[in-house]
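K.L.:
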Amino acid sequence: MANHPTLLSGLIASILAATLGRLRRKRTLTWTRTSSAELQAGPYSIIDEPNVPEVWVVMDRRVVSEHDSKRQAKAWCERHASEARHG
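Residue numbers for the sequence shown follow this note's numbering, beginning at 330 and rising by one.
1. Are there 16 or more other CB atoms within 10 angstroms of the CB of S374, so buried, or fewer, so exposed?
2. Give a yes or no on whether the C-beta atoms belonging to V393 and V387 are separated by under 8 angstroms.
3. Tell me whether E407 sits in a helix, a strand or coil according to DSSP, three-state version.
4. Please report the straight-line C-alpha distance between S411 and L358, rounded to a whole angstrom.
5. From which residue to which residue does the beta strand (DSSP E) around L358 run?
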């Protein structure tokens, strides 16, 4: 039972580290609405046409990813922007 405080503090430390890591990765891009169907941040454009079920991520005039929602598309862009910064 003497190891209980050590195990508990280690668990708390790992949860905090994971939470802080997620918080640091969030919101690295600032999104701007450029039209009713387009959001843009950095090199990424998210196209969400009303009559099309997919949401596209476009870079350099090419579709680089397809998603079911703008939320998923933004998350994809955030991940890739973060990976590009950290190598």
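Backbone N, C-alpha and C define an ideal beta-carbon position, used for all residues, glycine too.
P.N.:
The short version:
1. With a threshold of 16 other beta carbon atoms within 10 Å, S374 meets it and is buried.
2. Taking the C-beta atoms as reference points, V387 is found nearer than 8 angstroms to V393.
3. Correct three-state label for E407: helix.
4. Going by the C-alpha atoms only, they are around 9 angstroms apart.
5. Run containing L358: none; DSSP gives neither H nor E here.
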